[in-house]
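Before any comments, here is the structure.
Number of protein chains: 2
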Amino acid sequence: MFATYLRKYVSNGLSQIPKLSDVAKLAKVGNATVSRALNGGKNVGSEAMERITAAIRELNYQPNRVARSLKGASSGIIGMIVPSISDMFFSKCAEAVEGVVRQHGAVLVVVASHDDDGIVLGSLRQLLLHNVDGLIIAYNKTPERELIGALQAARLPVVGIDGPLTGVGCTSILCENFEGARLATDHLLAHGYSKIISVQVKPDLYTMRERLRGYNDAISRGHAQSIEEVVVDRDSAAAALLRHVPRKGPPVAVFAANNLTARYLYEAVHFLELSIPHQVAVLSFDDFDLADTLTPPMSVVQQPIEDMGRMAAKLLFQPTGARGMQEFPAGDGSILLSPRLVIRQSCGCNLWAGGRARLGRVTGING
Amino acid sequence: MFATYLRKYVSNGLSQIPKLSDVAKLAKVGNATVSRALNGGKNVGSEAMERITAAIRELNYQPNRVARSLKGASSGIIGMIVPSISDMFFSKCAEAVEGVVRQHGAVLVVVASHDDDGIVLGSLRQLLLHNVDGLIIAYNKTPERELIGALQAARLPVVGIDGPLTGVGCTSILCENFEGARLATDHLLAHGYSKIISVQVKPDLYTMRERLRGYNDAISRGHAQSIEEVVVDRDSAAAALLRHVPRKGPPVAVFAANNLTARYLYEAVHFLELSIPHQVAVLSFDDFDLADTLTPPMSVVQQPIEDMGRMAAKLLFQPTGARGMQEFPAGDGSILLSPRLVIRQSCGCNLWAGGRARLGRVTGING
DNA sequence: CTGAAAGCGCTAACAT
DNA sequence: ATGTTAGCGCTTTCAG
Chain F
1 MFATYLRKYV SNGLSQIPKL SDVAKLAKVG NATVSRALNG GKNVGSEAME RITAAIRELN
61 YQPNRVARSL KGASSGIIGM IVPSISDMFF SKCAEAVEGV VRQHGAVLVV VASHDDDGIV
121 LGSLRQLLLH NVDGLIIAYN KTPERELIGA LQAARLPVVG IDGPLTGVGC TSILCENFEG
181 ARLATDHLLA HGYSKIISVQ VKPDLYTMRE RLRGYNDAIS RGHAQSIEEV VVDRDSAAAA
241 LLRHVPRKGP PVAVFAANNL TARYLYEAVH FLELSIPHQV AVLSFDDFDL ADTLTPPMSV
301 VQQPIEDMGR MAAKLLFQPT GARGMQEFPA GDGSILLSPR LVIRQSCGCN LWAGGRARLG
361 RVTGING
Chain W
1001 MFATYLRKYV SNGLSQIPKL SDVAKLAKVG NATVSRALNG GKNVGSEAME RITAAIRELN
1061 YQPNRVARSL KGASSGIIGM IVPSISDMFF SKCAEAVEGV VRQHGAVLVV VASHDDDGIV
1121 LGSLRQLLLH NVDGLIIAYN KTPERELIGA LQAARLPVVG IDGPLTGVGC TSILCENFEG
1181 ARLATDHLLA HGYSKIISVQ VKPDLYTMRE RLRGYNDAIS RGHAQSIEEV VVDRDSAAAA
1241 LLRHVPRKGP PVAVFAANNL TARYLYEAVH FLELSIPHQV AVLSFDDFDL ADTLTPPMSV
1301 VQQPIEDMGR MAAKLLFQPT GARGMQEFPA GDGSILLSPR LVIRQSCGCN LWAGGRARLG
1361 RVTGING
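One line per chain: the protein sequences are F and W, in this order.
All the letters of the first sequence, read from the start, carry residue numbers 1 to 367 under this note's numbering.
All the letters of the second sequence, read from the start, carry residue numbers 1001 to 1367 under this note's numbering.
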């Protein structure tokens, strides 16, 4: 609002924030020609083009995004709705997205939904009112009719991330949660632990369900027993450990379905004065800061977070079909990115390498 | 752009996305009256107001922010420029800001500058083109002429965060870095360590300079020797430790100027197979996930991150002076928020409380 | 208290 | 290839 203010009272001469007509005047052409020069340069003579380019440079002109947006062209705004900004997964994701968005000359609006459907819907509406050019949505539950409807009605490029946006007819960028969990559990099975327990929070979330599926797939193929625990804090994690870890006897293993559970587990293990991995082996989905600095360093399944974010953003800007983004998207679909199994010590590997062997062997998921 | 598309081809009847004139028609009043009703309701008869309210509800109308913005009213967009989105400090900060911004019916554009002045300036320009209503900027260096000029010319509410935006004539929300560092160093001095080393990364940043000042203030008042080290990774941290920690002899203490250095230090200590705090005591500025889960739990100076973010955002929306935000801001100024000293074990406290004593004594900075 | 009318800066027919 | 014109949806004088 103040920029306008300024513009109004100051821009009699050649002062602040030039507009398209200033360029036209200086280049001695009509407004439309400048506009055409700006948008692809079709139907603009080379002489006119030169003068326009010069004028633009001289005035340091940049088109007003708001006016452009009002007229129906792109707004230069991409919206991103995530459950939380402070969660490391989403903040890394957002940073990757923002980089791509900026490269395209647009800006990124981020909203934290706190897993509240009211906020999701309200923000969606808000973003549409801002005429966003595209939307990235991390939604971990089954989309409700209302959300699906709103998204379809909006007819703009949408891509899901972390969880699938089914029914909307858009692409979703997902991590191979099932595969990753299966691989992790297989790794634990290979160690020969007597029991392998799965521990998670919020079992209703899509990612958690997939990881649990992967765990159970490996468990059943390994003819082991499925033990599913849900924890909410250190104490419940401790209770779960108490239920399954014998004071003496062979070590058991735990597959932590995300880094939060891994943390609770780690705290619980310390609280109970158990030893990792001699009494309890731990393997976690999601890497986290300091995972390799803990004693012992924690083995994890690492998601390609930045790749996911970049890919989602790129998809938004990618024209699909002959008519460009209007045909976006082609239909429901997912792009699955592979996580990596990062073996450190908490799973029972690398034990005799001594204190200095901090560098975990890194194994790609596909070999 | 698609919302417009939609609007254009569908909204003949009472379909998608109603506009102000639809409300006016339904309420049988002129557009101007609806607009007035929307903006404060001055000069609107109570009957007209009622019909308008009813029409708005019936149509589920919400004003188009783009049009509003073009006309010169508020855009409903707040911009935030931070060095990094994935850094925990800024992501927590951004989340707090976003909450307040959303409460005010606006949206938050976040840009990651990666400490690159080109990006800062470019994004600033971009944001102005979007007609943002206000700006929150985390800038950790001395603002350059160009940045100051651009910010002043924009004449909109700006608040600095984390680092002071001097010369711009705006308020900055800062943590008492000096005080926090002094307090931390005093605490270490009270333990009676033979040496207290300060370790930091990027010593040119404002926050780092302040913390170093605080450290040195305490050191000189404690008649101790100032030892300043700059580290960039685990190995340089190890080298620094090697320079100052005797293989045998009294323990030394380290004041880590932020959580990154603390992490490097922690890794280096493990790498060198030293013991915390028996050979090296550590106290870190900035709390971090897992700080209380490490062995031993790390004592830290905790910044009131969310408070800082919330306060910055609120300031943006706070009308200043009789003419509202136009008079914003009153002038250069800082609001200092106190950090808290969270004592865990790495500084040498709580040592004999045993493994279960995880809950650090928490001391407010002022008492 | 209210409505008609003039734009905000830009784009997209439609002429030329 | 270029200029003229008519809006996008809203706010805001300016008359009534």
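Here a beta-carbon is modelled for each residue, glycine too, at the ideal position from N, C-alpha and C.
Name the residue from W:1096, W:1285, W:1083, W:1035 whose alpha carbon lies nearest to the alpha carbon of residue 1314 of chain W. W:1096
Cβ-based neighbour list, residue 34 of chain F, same chain, cut-off 6 Å, excluding 5 preceding and 5 following: Around residue 34 of chain F, the same chain offers 20, 23, 24, 52 as residues with beta carbons nearer than 6 Å, after the five sequence neighbours per side are excluded.
Give the interface partners of residue 1062 of chain W over in chain F, defined as CB-CB distance under 9 Å, in chain order. 125, 126, 129
Neighbour-count burial assignment, residue 345 of chain F, 16 or more Cβ in a 10 Å radius: Its Cβ being crowded by 16 or more others within 10 Å, residue 345 of chain F is buried.
Considering only their Cβ atoms, is the gap separating residue 1089 of chain W from residue 1181 of chain W smaller than 9 Å? no
Among W:1094, W:1186, W:1038, W:1084, which residue has its Cα nearest to the Cα of residue 1078 of chain W? W:1094
Under a three-way DSSP split, which group does residue 1082 of chain W fall into? strand
Measure the C-alpha to C-alpha separation of residue 1183 of chain W and residue 91 of chain F and round it to an integer number of angstroms. 31 Å
Does residue 266 of chain F come within less than 9 Å of chain W when only Cβ atoms are used? yes
9 Å Cβ cutoff met for residue 104 of chain F and residue 343 of chain F: Not closer than 9 Å, so no.
Throw me the rounded Cβ distance for the residue 1140 of chain W and residue 1162 of chain W pair, which I believe falls under 8 Å. 7 Å
Are any of the Cβ atoms in chain F nearer than 9 Å to that of residue 1070 of chain W? Chain F, which has a Cβ nearer than 9 Å to the Cβ of residue 1070 of chain W, makes this yes.
Would you please verify whether the beta carbon of residue 1092 of chain W is less than 9 Å from any beta carbon of chain F? Residue 1092 of chain W has a beta carbon lying within less than 9 Å of a beta carbon in chain F.
9 Å Cβ cut-off: residues of chain W touching residue 27 of chain F: Here the premise fails: no neighbours, minimum Cβ distance about 20 Å.
Is the CB of residue 270 of chain F under 9 Å away from at least one CB in chain W? yes
Leaving out five residues on either side along the sequence, give the residues of the same chain with a beta carbon under 7 Å from the beta carbon of residue 1348 of chain W. 1191, 1277, 1281
Taking 8 Å as the cut-off, does the CB of residue 1176 of chain W come closer than this to any heavy atom belonging to the ligand SAH? In terms of ligand content, the structure shown is empty, and the ligand SAH therefore cannot be addressed.
Euclidean distance between Cα positions of residue 1350 of chain W and residue 1269 of chain W: If you take the alpha carbons of residue 1350 of chain W and residue 1269 of chain W, they lie about 20 Å apart.
Does chain W have any CB closer than 9 Å to the CB of residue 322 of chain F? Any reading at residue 322 of chain F must be qualified, since the residue scores a pLDDT of 31, below 50, and its modelled position is unreliable; the value itself is stated next. False, the Cβ-Cβ gap to chain W never drops below 9 Å.
Using a Cβ cut-off of 9 Å (strictly closer), state whether residue 1308 of chain W contacts chain F. no
Assign residue 214 of chain F to one of two classes, buried (16 or more other C-beta atoms within 10 Å of its C-beta) or exposed (fewer than that). buried
Identity of the residue in W:1175, W:1332, W:1119, W:1199 nearest residue 1305 of chain W by Cα: W:1175
In or out: residue 1287 of chain W buried (at least 16 other Cβ within 10 Å) or exposed? buried
Is it a yes or a no for the stretch 1219-1238 of chain W touching the stretch 1192-1209 of chain W, going by three-plus beta-carbon pairs under 8 Å? yes
CB contact check: residue 1302 of chain W to chain F, cutoff 9 Å: no
Are residue 237 of chain F and residue 264 of chain F touching if we call contact CB-CB under 9 Å? Taking 9 Å as the cut-off, the beta carbon of residue 237 of chain F is found closer than this to the beta carbon of residue 264 of chain F.
Would you grab the beta carbon distance between residue 111 of chain F and residue 1107 of chain W for me? Rounded to a whole angstrom, and I think it's under 8 Å. 7 Å
I want to know whether the stretch 1063-1075 of chain W touches the stretch 59-70 of chain F - three or more CB-CB distances under 8 Å. yes
Along the stretch 1206-1240 of chain W, what residues have a CB closer than 8 Å to any CB found in chain F? none
Which residues share a DSSP beta bridge with residue 135 of chain F? F:79, F:158
Using 9 Å as the threshold, is the C-beta distance between residue 299 of chain F and residue 274 of chain F below it? no
Report the option in F:239, F:189, F:293 whose CA atom is closest to the CA atom of residue 255 of chain F. The residue with the shortest Cα to Cα distance from residue 255 of chain F is F:189.
Under 9 Å by beta carbon: chain F residues contacting residue 1021 of chain W: Those do not exist, as residue 1021 of chain W stays about 15 Å from chain F at its closest Cβ, beyond 9 Å.
Among F:204, F:279, F:257, which residue has its Cα nearest to the Cα of residue 245 of chain F? In terms of Cα proximity to residue 245 of chain F, the closest of F:204, F:279, F:257 is F:279.
Quick check for students: name the residue ranges of the beta strand (DSSP E) that lie wholly in the stretch 1095-1137 of chain W, counting only runs of 3 or more. 1107-1112, 1134-1137
Roughly how many angstroms lie between the CA atoms of residue 137 of chain F and residue 216 of chain F, to the nearest whole one? Between residue 137 of chain F and residue 216 of chain F, the alpha-carbon positions lie close to 28 Å from each other.
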